[in-house]
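Quick mapping for you: the protein sequence lines, in order, are chains S and U.
Residues 1 to 364, numbered by the UniProt record's numbering, are exactly what the first sequence covers, in order.
Residues 1 to 367, numbered by the UniProt record's numbering, are exactly what the second sequence covers, in order.
Each remark here refers to the structure printed beneath this line.
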Amino acid sequence: MSLTLENVSNTVDGVDYVRDANLTFEAGSFNVLLGRTLAGKTSMMRLMAGLDKPTKGRLLYKGEDVTGKNVQSRNISMIYQQFINYPTLTVYENIASPLRLAKMPASEIDRRVKETASMLQIEPLLKRYPLELSGGQQQRTAMARALVKDATLVLFDEPLVNLDYKLREELRAELRDLFQERQCIAVYATTEANEALALGGTTTLLHEGSVIQSGPVMDVYRAPVNTLAAQLFSEPPMNMIRGRVTDTEVTFDEYSHHALTQELAALSPGDYWFGIRPSHIALVPANDDDLEMSMEVALSEISGSETFMHVENSHFEMVTQLMGVHQYRTGAPVKVYLPINKLFVFDNDERLVHTPSRISGGAV
Amino acid sequence: MAEIQLKSLAHSYSDSPTGPDDYAIRQLDHVWHKGGAYALLGPSGCGKSTMLNIISGLIQPSEGEVLFDGKRVNELSPRDRNIAQVFQFPVIYDSMTVYENLAFPLKNNKVPADRIKTRVQEIAEVLEIEDKLHKKAKNLTADEKQKVSMGRGLVREDVSAILFDEPLTVIDPQLKWKLRRKLKQIHEQFDITMVYVTHDQLEASTFADKIAVMYGGQVVQFGTPTELFEAPNHTFVGYFIGSPGMNLVEVERCAGGVCFDSTVVPLEPWQADLLERMTSTNVKIGIRPEFIEVSAISSDDTYESEVLDVEDLGTYKIVTVRLANQEMKVRQNEEFEADLGSQIHLSFPKQWLMLYVDEFLIQEQQR
Numbered sequence: 001m002s003l004t005l006e007n008v009s010n011t012v013d014g015v016d017y018v019r020d021a022n023l024t025f026e027a028g029s030f031n032v033l034l035g036r037t038l039a040g041k042t043s044m045m046r047l048m049a050g051l052d053k054p055t056k057g058r059l060l061y062k063g064e065d066v067t068g069k070n071v072q073s074r075n076i077s078m079i080y081q082q083f084i085n086y087p088t089l090t091v092y093e094n095i096a097s098p099l100r101l102a103k104m105p106a107s108e109i110d111r112r113v114k115e116t117a118s119m120l121q122i123e124p125l126l127k128r129y130p131l132e133l134s135g136g137q138q139q140r141t142a143m144a145r146a147l148v149k150d151a152t153l154v155l156f157d158e159p160l161v162n163l164d165y166k167l168r169e170e171l172r173a174e175l176r177d178l179f180q181e182r183q184c185i186a187v188y189a190t191t192e193a194n195e196a197l198a199l200g201g202t203t204t205l206l207h208e209g210s211v212i213q214s215g216p217v218m219d220v221y222r223a224p225v226n227t228l229a230a231q232l233f234s235e236p237p238m239n240m241i242r243g244r245v246t247d248t249e250v251t252f253d254e255y256s257h258h259a260l261t262q263e264l265a266a267l268s269p270g271d272y273w274f275g276i277r278p279s280h281i282a283l284v285p286a287n288d289d290d291l292e293m294s295m296e297v298a299l300s301e302i303s304g305s306e307t308f309m310h311v312e313n314s315h316f317e318m319v320t321q322l323m324g325v326h327q328y329r330t331g332a333p334v335k336v337y338l339p340i341n342k343l344f345v346f347d348n349d350e351r352l353v354h355t356p357s358r359i360s361g362g363a364v
Numbered sequence: 001m002a003e004i005q006l007k008s009l010a011h012s013y014s015d016s017p018t019g020p021d022d023y024a025i026r027q028l029d030h031v032w033h034k035g036g037a038y039a040l041l042g043p044s045g046c047g048k049s050t051m052l053n054i055i056s057g058l059i060q061p062s063e064g065e066v067l068f069d070g071k072r073v074n075e076l077s078p079r080d081r082n083i084a085q086v087f088q089f090p091v092i093y094d095s096m097t098v099y100e101n102l103a104f105p106l107k108n109n110k111v112p113a114d115r116i117k118t119r120v121q122e123i124a125e126v127l128e129i130e131d132k133l134h135k136k137a138k139n140l141t142a143d144e145k146q147k148v149s150m151g152r153g154l155v156r157e158d159v160s161a162i163l164f165d166e167p168l169t170v171i172d173p174q175l176k177w178k179l180r181r182k183l184k185q186i187h188e189q190f191d192i193t194m195v196y197v198t199h200d201q202l203e204a205s206t207f208a209d210k211i212a213v214m215y216g217g218q219v220v221q222f223g224t225p226t227e228l229f230e231a232p233n234h235t236f237v238g239y240f241i242g243s244p245g246m247n248l249v250e251v252e253r254c255a256g257g258v259c260f261d262s263t264v265v266p267l268e269p270w271q272a273d274l275l276e277r278m279t280s281t282n283v284k285i286g287i288r289p290e291f292i293e294v295s296a297i298s299s300d301d302t303y304e305s306e307v308l309d310v311e312d313l314g315t316y317k318i319v320t321v322r323l324a325n326q327e328m329k330v331r332q333n334e335e336f337e338a339d340l341g342s343q344i345h346l347s348f349p350k351q352w353l354m355l356y357v358d359e360f361l362i363q364e365q366q367r
């Protein structure tokens with residue numbers, strides 16, 4: 001049982017909302033669509049749900065062509081950012097409504113409604129009406145209604161965006177566990193890299209309607225195919241520095257010179273983009289050949305457990321994510337160290353040409 | 001710019017409140033100092049929006065006083081209080097240019113034309129939208145619109161304070177960084193009182209010098225991000241700040257400290273001393289996932305625990321373990337590896353082991 005998008009495009013009034021997408025979603029899988037606003041996440045979900053018909057390509061479900069078939073004839077749940085409830089029904093009846101439509105026995109309805117309500121922490125509210133609830137509680141009610149029936153395809157369109165971050169953290173973990181036991185296809189759209197990492201499963205990076213990369217979440221995270229993928233899947237965004245490799249050294253913006261050691265020695269001469277995640281930059285060197293750079297503190301943001309330090313010089317700017325509290329005055333000089341074995345390297349066409357050895361994974 | 005004081009303030013949406021549950025804000029005293037960058041943080045329904053609306057004048061409190069620089073303003077409208085507000089969604093005039101949008105609050109206040117011009121230019125430069133000044137607002141991107149919305153708050157030189165109500169909700173994560181950084185720079189440059197309402201701890205702690213954490217209509221802690229992280233003075237703060245939150249374990253008094261199941265956790269002498277003088281049986285220990293240490297070998301002060309789950313979050317890992325009958329979370333770096341079901345040895349460094357009685361932190365100075 002799988003859902004396949006085959007060369008799917010959707011163009012409306014000359015604007016490409018989805019461009020030539022080829023993707024397969026398996027039953028029992030959790031799939032995250034990660035991209036910025038207007039990347040095509042919602043458009044793609046609407047095509048999967050049959051709410052829109054693609055201008056090109058086909059949708060196959062269990063091998064059967066379902067292009068343009070609507071939601072009602074297929075067992076689909078869709079959960080939106082802005083939730084909708086029936087104002088004249090209690091929370092209990094809101095959640096029960098799809099099961100009543102399916103003419104399920106009352107005892108089974110009761111069991112399922114209570115189970116779903118307890119998972120979403122709204123069990124004490126079952127007798128209330130939607131308008132007597134807070135925004136977050138209303139959203140959870142609508143979410144419960146979508147989850148209570150056993151849909152074969154469940155589409156989440158940024159469902160947690162309007163909720164408390166703490167509740168999001170809990171619901172994310174619940175969703176992950178819940179779908180591990182179900183045999184449906186779950187598709188979840190988000191703009192947040194950290195949410196994709198927390199949800200796990202498969203990650204598909206979307207940008208301006210195109211699929212940039214798709215695969216198991218850690219494969220995509222550890223080997224982004226190009227600079228765009230690296231930026232989309234990193235929060236704060238991966239730092240990118242322009243560099244030139246000669247036979248003997250690497251120069252960053254003709255300013256900072258370093259010997260070609262370790263894995264950098266394999267690079268052929270030319271211009272590259274060097275990428276490093278904010279969490280991999282340190283204030284003290286870990287190895288003799290760490291790249292040392294003299295910077296100035298632009299801003300130090302302390303989150304309590306971590307410090308996000310923005311540093312810059314006349315050539316480039318970077319963000320570092322440091323464990324613990326580091327108080328620095330704006331303008332203070334600081335030396336930062338970039339471990340060579342944590343550098344991603346992209347060629348002039350911004351394609352990944354080198355994956356850092358320390359974080360390429362798999363070596364368990 | 002003003003100091004904002006809330007004196008014996010309480011608010012109920014009910015006409016005849018009968019008990020504490022009828023109050024959206026329970027009686028509190030609070031001061032927002034002149035020129036501070038503050039955040040008001042809490043889950044939905046905690047009373048933070050009510051508090052913000054009371055400061056701005058959109059709601060009149062049912063009890064107590066709101067003082068600006070010592071003067072009672074309960075009866076004054078938001079306009080008369082000189083409060084600027086930035087909301088979740090940009091509030092701008094789509095048909096006007098960016099320049100006209102920024103100039104509008106000044107024109108309303110009859111500021112001379114040449115002063116308007118220099119001031120609008122100045123604000124546009126700070127927000128890096130000077131090249132957009134003559135664009136129609138409707139042609140801007142979401143983050144540019146929100147910048148203009150902030151600009152409309154900043155442009156008036158006579159404002160008492162700027163209140164932000166979840167201003168970055170509609171902004172993409174990649175741009176949130178930039179706007180937050182911008183806001184912080186603006187605060188440093190203009191030295192203006194800012195109160196920022198959010199349910200996002202990271203947003204609160206990166207923006208604010210001091211955070212008021214609200215829970216059940218009360219401010220349960222008012223402190224720096226570091227204080228909230230290192231010494232949460234209420235279990236709710238421990239749970240709410242941090243991702244995942246603090247490990248909180250119900251314990252009993254026993255020989256040598258406190259116990260859960262058959263595990264004995266020793267206390268500092270001053271902690272044991274204070275606990276002995278209290279009678280409550282609601283006792284918990286708290287330790288953050290970041291502060292639990294993992295070692296490969298066992299020793300006198302380590303606890304054996306079973307690895308239940310290792311969650312890879314890219315830059316770090318969250319390890320779920322079972323220690324006696326308790327599940328706990330431990331944060332480890334991205335290089336951590338352990339087989340599920342294997343044993344690891346944990347230790348709780350003394351300075352990070354918190355003791356809570358009736359949900360409040362037991363502090364050394366209480367002695």
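Glycine residues also receive a C-beta, built at the ideal position from the N, C-alpha and C atoms.
For clarity, every value in this text was computed on a predicted model and none was experimentally measured.
C-alpha gap between residue i and residue j, whole angstroms
| i | j | result |
| --- | --- | --- |
| serine 44 (chain U) | tyrosine 215 (chain U) | 9 angstroms |
| phenylalanine 274 (chain S) | methionine 318 (chain S) | 12 angstroms |
| methionine 354 (chain U) | isoleucine 285 (chain U) | 6 angstroms |
| proline 339 (chain S) | leucine 205 (chain S) | 27 angstroms |
| alanine 324 (chain U) | histidine 234 (chain U) | 25 angstroms |
| proline 333 (chain S) | valine 220 (chain U) | 38 angstroms |
| leucine 6 (chain U) | isoleucine 186 (chain U) | 26 angstroms |
| threonine 203 (chain S) | proline 105 (chain S) | 38 angstroms |
| leucine 274 (chain U) | glutamate 263 (chain S) | 57 angstroms |
| proline 244 (chain U) | leucine 228 (chain U) | 14 angstroms |
| arginine 288 (chain U) | proline 224 (chain S) | 32 angstroms |
| glutamate 93 (chain S) | valine 148 (chain S) | 12 angstroms |
| threonine 248 (chain S) | threonine 355 (chain S) | 21 angstroms |
| alanine 363 (chain S) | isoleucine 276 (chain S) | With a pLDDT of only 35 at alanine 363 (chain S), under the threshold of 50, the placement of this residue in the model should not be trusted; the figure read from the coordinates follows. For alanine 363 (chain S) and isoleucine 276 (chain S), the distance between alpha carbons rounds to 21 angstroms. |
| arginine 182 (chain S) | valine 12 (chain S) | 35 angstroms |
| threonine 279 (chain U) | phenylalanine 240 (chain U) | 27 angstroms |
| valine 86 (chain U) | isoleucine 281 (chain S) | 35 angstroms |
| aspartate 358 (chain U) | methionine 119 (chain S) | 27 angstroms |
| glycine 361 (chain S) | glutamate 311 (chain U) | Low local confidence applies: a pLDDT of 44 at glycine 361 (chain S) is under 50, so the model's placement there is unreliable, with the coordinate-based value given in what follows. In a straight line, the C-alpha of glycine 361 (chain S) is about 14 angstroms away from that of glutamate 311 (chain U). |
| arginine 128 (chain S) | isoleucine 95 (chain S) | 12 angstroms |
| glutamate 75 (chain U) | glutamate 132 (chain S) | 29 angstroms |
Residue i at chain S interface by Cβ criterion, 8 angstroms
| i | result |
| --- | --- |
| glutamate 293 (chain U) | no |
| threonine 226 (chain U) | yes |
| glycine 242 (chain U) | yes |
| arginine 79 (chain U) | no |
| proline 17 (chain U) | no |
| tryptophan 201 (chain U) | The residue you asked about is not tryptophan; residue 201 (chain U) is glutamine in the sequence shown. It does: the Cβ of glutamine 201 (chain U) has a partner Cβ on chain S nearer than 8 angstroms. |
| aspartate 191 (chain U) | no |
Test: residue i CB closer than 8 angstroms to a CB of chain U
| i | result |
| --- | --- |
| residue 369 (chain S) | Here chain S covers residues 1 to 364 and nothing more, so residue 369 (chain S) does not appear. |
| alanine 198 (chain S) | yes |
| residue 402 (chain S) | The requested residue 402 (chain S) is not part of the displayed model; chain S covers only 1 to 364. |
| residue 399 (chain S) | Shown here, chain S extends from 1 to 364; a query on residue 399 (chain S) therefore has no answer. |
CB of residue i within 8 angstroms of CB of residue j, strictly
| i | j | result |
| --- | --- | --- |
| leucine 3 (chain S) | glycine 57 (chain S) | no |
| valine 18 (chain S) | leucine 59 (chain S) | no |
| phenylalanine 346 (chain S) | threonine 227 (chain S) | yes |
| glutamate 203 (chain U) | leucine 168 (chain U) | yes |
| isoleucine 162 (chain U) | alanine 84 (chain U) | yes |
| leucine 340 (chain U) | valine 307 (chain U) | yes |
| leucine 99 (chain S) | arginine 112 (chain S) | yes |
| isoleucine 297 (chain U) | phenylalanine 348 (chain U) | no |
* Is the segment 10–23 of chain U close to the segment 122–130 of chain U, with three or more CB pairs under 8 angstroms? -> no
* Are the segment 247–265 of chain U and the segment 31–51 of chain U in contact at 8 angstroms, needing three or more beta carbon pairs? -> no
* **Contact between the segment 164–176 of chain S and the segment 144–156 of chain U (3+ Cβ pairs under 8 angstroms)** => no
* Positions along the segment 292–319 of chain S whose CB lies within less than 7 angstroms of some CB in chain U -> Leu299, Glu301, Ile302, Ser303, Gly304, Ser305, Phe308 and His310
* Mind listing which residues of the segment 148–171 of chain S have their C-beta closer than 9 angstroms to chain U's C-betas, in chain order? -> Val161, Asn162, Leu163, Asp164, Tyr165, Lys166, Leu167 and Glu169
* Quick one, which residues of the segment 161–181 of chain U are near chain S if we go by CB-CB under 7 angstroms, in chain order? -> For the segment 161–181 of chain U, which is checked against every Cβ of chain S, the residues closer than 7 angstroms are Asp172, Pro173, Gln174, Trp177 and Arg181.
* Output, in sequence order along the chain, the residues in the segment 43–68 of chain S whose CB is closer than 8 angstroms to any CB in chain U. => none
* Residues from the segment 183–198 of chain S in contact with chain U, defined by Cβ distance under 8 angstroms -> Within the segment 183–198 of chain S, the residues whose Cβ lies closer than 8 angstroms to some Cβ of chain U are Thr191, Glu192, Ala193, Asn194, Leu197 and Ala198, listed in chain order.
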